[in-house]
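Student: Its first residue numbered 9, the sequence shown is counted upward by one per residue in this note's numbering. The structure is given below, and queries will be raised subsequently.
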Amino acid sequence: MTGERTLRGCRILVVEDEYLIAEQLQLELEDEGAIVLGPLASVDEALAAIGSGEPIDGAVLDVNLQGEPIFPAAELLLRRDVPVIFTTGYDAGAIPAAFQHVARCEKPSNVRSIVAAIGRAVHA
């Protein structure tokens, strides 16, 4: 990632319950200079991180965490004007209408494409 889309110094929340994906995302985001918050693996952990008052510049959220939807956390982030992208194995029909505008990376997806998507969202 180069130019205006750099993530250097951006605080990116990662909420992903698949360990390998979470680890790869963390490494790729850190390679781009991001400060990774997490990765976290549950909605409760995500809500606690959001409620902590720590600054968040963007978030990569898995739609389904151990059978629980991430939408309460996404709603809080969007209310704070934090850019969010979803990662999911579900099609667009599984996303509630209130979140149809949120960018979505379908699984399986390339971790680089997820990093690029959060870069675009942060700098939109």
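Ideal placement from N, C-alpha and C gives every residue a C-beta, glycine not left out.
(1) Do you know how far the Cα of Y98 is from the Cα of I20?
(2) Taking its Cβ as the centre, do 16 or more other Cβ atoms sit within 10 Å of G75, making it buried, or is it exposed?
(3) Could you tell me the alpha carbon to alpha carbon distance between S121 and D52, rounded to whole angstroms?
(4) In three-state terms, what does DSSP make of R87?
(5) Exposed or buried, which one is R16 when buried takes at least 16 other CB atoms within 10 Å?
(6) Please confirm if the region 52-67 is in contact with the region 28-41, defined as three or more CB-CB distances below 8 angstroms between the two stretches.
(7) If you count every other CB in all the chains shown that lies within 10 Å of the CB of R88, and 16 or more means buried, which is it?
(8) Could you pull out every unbroken beta strand (DSSP E) segment of at least 3 residues lying fully inside the region 25-66, listed in chain order?
(9) Indicate whether V130 and C18 have their beta-carbon atoms separated by less than 8 angstroms.
(10) DSSP beta-bridge partners for D99?
(11) Which term fits G11, buried or exposed, when burial requires 16 or more other beta carbons within 10 angstroms of its beta carbon?
Tutor: To lay it out plainly:
(1) Their Cα atoms are separated by approximately 23 angstroms.
(2) Around the beta carbon of G75, fewer than 16 other beta carbons lie within 10 angstroms, which makes this residue exposed.
(3) The alpha-carbon atoms of S121 and D52 are separated by roughly 27 angstroms.
(4) Assigned with DSSP and collapsed to three states, R87 falls in helix.
(5) Counting Cβ neighbours within 10 Å, R16 comes out exposed, since fewer than 16 surround it.
(6) Short answer: they don't touch.
(7) Taking every protein chain shown into account, the CB of R88 has fewer than 16 other CB atoms within 10 angstroms, so this residue is exposed.
(8) Whole beta strand (DSSP E) segments, 3+ residues: 43-48.
(9) Closer than 8 angstroms, so yes.
(10) Bridge partners of D99 according to DSSP: none are assigned.
(11) Only weak support is given to the placement of G11: the predicted model assigns it a pLDDT of 39, under 50, and the value that follows is read from those uncertain coordinates. Exposed is the call here.
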